[in-house]
Structure formats: structure tokens, C-alpha cells
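Line order of the protein sequences matches chains A and B. Using my numbering, the first residue of the first sequence is number 22, and each one after it goes up by one. Using my numbering, the first residue of the second sequence is number 22, and each one after it goes up by one. From the three backbone atoms N, C-alpha and C, an ideal C-beta is built for every residue, glycine too. Source: prediction; values computed, not measured.
Protein chains: 2
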Amino acid sequence: MSFQNRKQTILRLLEEKEEVEVKEFAQLLNISEITIRRDLIQMAAEGLLHRTHGGAMRLSLVQNPVTFSNKTTTNAEQKDKICRVAAQFIQEGDIIFIDCGSTVFRLCPYIRHKKIKVITNSLPVVYELHGSSVSINLIGGELDVERQAIHGSIAEEHIKRYRANRAFIGVDGISPENGLSALSEKEASITLAMASHSAQVYLLCDATKLGQDKYLQFAGLDIIHTLITDADLKKVKPYQDQRLQVICVE
Amino acid sequence: MSFQNRKQTILRLLEEKEEVEVKEFAQLLNISEITIRRDLIQMAAEGLLHRTHGGAMRLSLVQNPVTFSNKTTTNAEQKDKICRVAAQFIQEGDIIFIDCGSTVFRLCPYIRHKKIKVITNSLPVVYELHGSSVSINLIGGELDVERQAIHGSIAEEHIKRYRANRAFIGVDGISPENGLSALSEKEASITLAMASHSAQVYLLCDATKLGQDKYLQFAGLDIIHTLITDADLKKVKPYQDQRLQVICVE
DNA sequence: GTATATTTGATCAAATATAATCATAAAAAA
DNA sequence: TTTTTTATGATTATATTTGATCAAATATAC
């Protein structure tokens, strides 16, 4: 029996049984175990089956719970407080942008019941709003695996096709002197595009980021209208002085 | 039963029951408790489950299982065979379109290991390819909640910005007389857009759809190049007569 | 609170699977 | 034909998986 024939038989056997051992293959095909092993290695490389210790399994749809949501985050409590307040600004019928920040992501639980349209480039946001009364538009473009968000020039173009009432955005750093800064150029340009295409821009930002300058300074404070933060009044004074509306939660 | 298989079984058992004891696992899988414990420790480290004293719990995220994947489908076996064959046409470096059909969705397990770019409007496809070596572009636009796919005019425009080597598409009906037909206008226009922007178009179609005409006839047979199906040779003859390349699996 | 029962972690030993190497047989090419 | 290539098998060394034992940690009963 040739390798080609064997290959077909191996696949057929795997159709009948989810997992087959090397020994079983060897017996059924009347051939040595080492040869079967060699076949399986090659077929696994071709993506025809899944190699296991002692045999092979047929390929199946993923059964691992895929963890899209960046649920684990620092300052979760503060961020939740910020988001609860931020959600109060949203009115029925609003069209809102949400970017892919870890803070704005936590807005989702507070807007699930609202009859609004959310435009986002963040897959975790989409998954978190699944089954809610929110209608969703997804920004298209290249998927950044690490951030589970859409980025790139096409994405920016796409954002510019829309105009929203409100944008809820996040940054990695903000300071009265240097404005908004980020750690990712891709993320920054998405944030910028969303901000420039909505009537009201809310920056959701926990206290640890206030006064921080990250390497990429991508916009002045003037692109945002409202800063929602858990910082104390003293710390936000410089921002208010620059005619920024500041909401301190708590 | 290999470790890999056991791991999947453990996850399946946890899907049925929120918490399972080590003893139960050991009995059900017919293996010693110490081995189960080792499995659980490893899986907890991978973040696949939550370890408890005396057993394991499923993660809360999976508790309300967001079923993005349309795993349940009719003719699953046939569709898998079709997809396995279809995957063999894909070469390293290819740019491929995948639409939101239930058949083409099952292409995912067979292309996870390939170094290609997939452009899709289907969230289940994105979900299934998560963590694979495939790079993904997502089509942007309105999210259709029911189909978990992106539709609408912006989506079509977006598709037309790309050009792919191959498109793998599905339909609801096909006949030699009336060509391709569908049950959803939105879906049909996405399919059409993808087909018109790729060099080679593959229609993946199980036998039950051959000879069927659905209410919306949206394209002739000429927009596709290759029909991959599990139907027998007699049944596909009329399609071959129309200069369509037909691949019959098995 | 203590006592008892379970569960766990650590260590080791046995069983098993795999990788590496070489030898042989079959097929293809010269 | 001979040579070369390829596929297969045997052997040994290495790696992996599994189970057993027992002390420590944890939960439960009293």
C-alpha cells in the first residue's frame, strides 16, 4: 500500500473515530509503527490531523474557551467607577465610538440595555455587547492579534465615513503640557480618527495616567471635551484651567 | 486516550456541568486521580479552567457561553470533507476571502496552520482562527446579530478595496439553469463582492443544495470557477457541461 | 478549639512513546 | 544493467506520560 493510499485510509479511520493510536493504525494497515509515525508527522504538518502522544486526532472546531476579553486589568474598580459615570452621558439613539482601550472596554456592562449604536474597532467590545440591545458597527481593517482590535489605514478611512455624537476614548498618558500620549502608533491614530469624527469626546482615564507622558505624543488636550477620572480635584486643576470639562468620580 | 484528547474531554465535561470533581473525572476517563490532577493543574495554568479544591470549575466567561461559532449544522461530516479538500488548494502566502456560510466556516480547522491572510466578514471565522498562524482582515460595516457577520454597503465597498487570490464562498442554492441563489440579500451581495474581487472562486456546497433554487437568484454560474461538493458524478454533470471545474470529494 | 478525613505536592519508578541512527528493500533514473 | 533515490523496518537511546507512595496542607466534622 502506497503512502497516498495510507494517507486516505488514515483519514477515513479518523472520520470513524475521533482518536486512533499508532498501534491501531499499524495493525489495521499492516505496517510498522515507525512508518505510521512518519506518516502522522507529515500529515500533521500538512494540517490534515492533530498529532497526539501515542496517536492522532481528527481536527475539530476549537473547543478552548477563547479569551478575547481583556477582563484582567489594573485598577479595575476605579475604571468601573469611571465607566458607570461615563455611561450616564449616553442617551437613547446616540451613535457612539468606543476605541480599544482597557478602560473604555469596561463601559460595556453599563450600556448593554441602551438603545444606541456603538461603532468600535475592538473585538472584546463586540463580544461583550453580544446579545445586548446595542446595535454594532465594526470598523474594518487589519486585525491586531495582540490587542484584538482593528487597525491600519483602511480602518482610519472607515472611521472617517461615520460621524458620531460621542466618542469614548482611552490613552496611555495625559499631561497639561504635552497633551495625549500613547504606546502604540496604530492605536493612537484610531483614537485620533474617532475623536475628530464625533461631536463630543470623552476621555476615560484613571488617576495613574494623569501627568504621565508616553513616548508618542499624538494630540493636544483640545481634541477632547470631557475628562472623566478618579483623580482628586487638586490633580485635575491644570486640566480645568485649559478649559477642559473635568468629571471626578466619587 | 492521549493527554490532548483528555484535555478536550475535560473541557467538554465542564461545559455540561459547572464543577466536576477529580474523582468524577478519574472515573469517567478511566484514569488515575493523580493524572487528572496533573491535567487540571496544567490546564488551569493555561487559563482553560478554574482549579478548585477537589476538582475544577469552568471559567465564568464560558458560563454564559457566547456561541459565536455555528458548530451545530446539518451535514457536518460532508461539509468537513468538502473543506478538507478545499483547503488543499490554498498555498502559503495566499490572500483568501471567506464569507459567512456555514460550510466555508468549517474550513477554519484546516487552515489554522497556514501562513496566509484571510479576509472575512464572519465573526465565527475570526473566532475559530484565533491564535492560529493566519493573519486576519475583518470587513467593516454593520453587524448582523443573527448571522454574526458584517453586512451593508460600507462592507461591500470595503471588500472592493481588496483583491484576493481565492475566494471560498457558500450559497443556499445552485442550479444549472438559474445559477446561484440565496435566502438573504445582504449575504448574497457580500458573496458577490468577494467573488468579483478574487482571481479564483471556489463554491463549497453540499449535495443537498445542488439543484435547489432559492428565492433570490443573485448570480450566474460564471462567477465561480470551481465547485467542490460531495454530490456524485451524475449529479454534477450539468455543471461540468457549463465549463465549471467540479471536484467531487470521495 | 481539636480530631479526622480529604486533597494535594513531591519524589520516584515503571511503562510507554518518540527521536536518532543505521540497515535493508523497493523503486526510479542513469 | 548499475547507480541513485526513496521508503520502510530494526535497534537503541532519550523523552514523556503515568501511577504509587507518603508527608504536608486543607477542608470538614465534632
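In this structure, does DSSP put residue i in helix, strand or coil?
i: A220 of chain A; result: strand
i: C129 of chain A; result: helix
i: M78 of chain A; result: strand
i: N26 of chain A; result: helix
i: C269 of chain A; result: strand
i: K138 of chain B; result: strand
i: V83 of chain B; result: Any reading at V83 of chain B is ruled out, since the residue's pLDDT is 40, under 50, leaving its predicted position unreliable.
i: I119 of chain A; result: strand
i: H172 of chain A; result: strand
i: H151 of chain A; result: coil
i: I195 of chain A; result: strand
i: C104 of chain A; result: helix
i: I190 of chain A; result: strand
i: I157 of chain A; result: strand
i: E42 of chain A; result: strand
i: E167 of chain A; result: coil
i: L204 of chain A; result: coil
i: T94 of chain B; result: coil
i: R33 of chain B; result: helix
i: T212 of chain A; result: helix
Return the CA-CA distance between residue i and residue j, expressed in angstroms with no decimal places.
i: Q266 of chain B; j: F110 of chain B; result: 13 Å
i: S53 of chain B; j: N96 of chain B; result: 37 Å
i: I245 of chain A; j: D165 of chain A; result: 26 Å
i: P86 of chain B; j: I157 of chain A; result: Annotation note: pLDDT 48 at P86 of chain B (below 50); position unreliable, no value reported.
i: I171 of chain B; j: K207 of chain B; result: 9 Å
i: N26 of chain B; j: G241 of chain A; result: 54 Å
i: I62 of chain B; j: I31 of chain B; result: 12 Å
i: K235 of chain B; j: E163 of chain B; result: 24 Å
i: G232 of chain A; j: R59 of chain B; result: 47 Å
i: V222 of chain A; j: L34 of chain A; result: 59 Å
i: M64 of chain A; j: H71 of chain A; result: 8 Å
i: A108 of chain B; j: K28 of chain A; result: 16 Å
i: T94 of chain B; j: E167 of chain B; result: 15 Å
i: V41 of chain A; j: Y131 of chain B; result: 19 Å
i: S123 of chain B; j: G122 of chain A; result: 32 Å
i: R264 of chain A; j: T73 of chain B; result: 52 Å
i: V139 of chain B; j: D253 of chain A; result: 47 Å
i: K258 of chain B; j: E37 of chain A; result: 30 Å
Which same chain residues, not among the five before or five after residue i, have their C-beta less than 6 Å away from its C-beta?
i: Q99 of chain B; result: D227 and D251
i: T212 of chain A; result: D120 and I190
i: D243 of chain B; result: none
Answer yes or no: do residue i and residue j have a C-beta to C-beta separation smaller than 8 Å?
i: D115 of chain A; j: S143 of chain A; result: no
i: I160 of chain A; j: A176 of chain A; result: yes
i: Q169 of chain B; j: S202 of chain B; result: no
i: I117 of chain B; j: A188 of chain B; result: yes
i: G68 of chain A; j: V43 of chain A; result: no
i: L224 of chain B; j: L248 of chain B; result: yes
i: A220 of chain A; j: I180 of chain A; result: no
i: S154 of chain A; j: R133 of chain A; result: yes
i: A47 of chain B; j: I57 of chain B; result: yes
i: M22 of chain B; j: L49 of chain B; result: no
i: V270 of chain B; j: I103 of chain B; result: yes
i: I268 of chain B; j: V125 of chain B; result: no
i: K230 of chain A; j: D193 of chain A; result: yes
So, at 7 Å on beta carbons, what are the nonlocal neighbours of residue i in its own chain, with the 5 sequence-adjacent residues on each side left out?
i: C129 of chain A; result: V146, E149 and L150
i: K255 of chain B; result: none
i: H218 of chain B; result: I180, K181, Y183, R184 and A185
i: S282 of chain B; result: In the structure as shown, chain B starts at 22 and stops at 271, and residue 282 of chain B therefore has no counterpart that could be examined.
i: D101 of chain A; result: R127
Please list, in chain order, all residues of the same chain as residue i whose beta carbon is under 8 Å from its beta carbon, the five residues on each side excluded.
i: R182 of chain A; result: none
i: E113 of chain A; result: K135, K136 and I137
i: F24 of chain A; result: D60
Sorry if obvious, but does the Cβ on residue i come closer than 7 Å to a heavy atom of the ligand PLP?
i: D165 of chain B; result: Among the components of this structure there are no ligands whatsoever, and the ligand PLP is therefore not found.
Which complete beta strand (DSSP E) runs does the segment 239 to 263 of chain B hold, if anything under 3 residues is left out? 247 to 250
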